């Protein structure tokens with residue numbers, strides 16, 4: 002849980018640069034939000050952690066992607 006009471010998922014992983022073989026360890030949290038399903042229940046979504054021009058992306062998505070050459074997982078549309 003984050004300080005504001007919402008759900009979060011902690012991500013902790015290491016990325017190795019394919020050319021220099023340098024390793025970078027990352028450890029951060031991604032916020033989770035829920036949306037109601039039409040026939041009941043809840044669907045969990047990730048909130049994109051990417052900042053673009055100092056503004057948070059905040060897209061709610063079902064999958065996060067690691068862009069080529071990137072280090073943090075982001076919404077699919079943010080990878081292009």
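Residue numbers (my numbering): 2 to 81. All C-beta atoms, glycine included, are put in the ideal place defined by N, C-alpha and C. Source: prediction; values computed, not measured.
Residue from the options whose Cα sits closest to the Cα of residue i
i          : options        : result
residue 24 : 30, 58, 14, 10 : 14
residue 32 : 64, 7, 70      : 7
residue 10 : 50, 69, 16, 17 : 50
Residue i versus residue j: straight-line alpha-carbon distance, rounded
i          : j          : result
residue 21 : residue 37 : 46 angstroms
residue 40 : residue 62 : 20 angstroms
residue 76 : residue 30 : 14 angstroms
residue 60 : residue 54 : 15 angstroms
residue 52 : residue 35 : 22 angstroms
residue 71 : residue 57 : 17 angstroms
Classification of residue i by the beta-carbon crowding that lies within 10 angstroms, buried from 16 upward
i          : result
residue 47 : buried
residue 65 : buried
Integer-rounded CB distance, given that residue j should sit under 8 angstroms from residue i
i          : j          : result
residue 73 : residue 43 : Incorrect: roughly 26 angstroms between the Cβ atoms, too far for contact.
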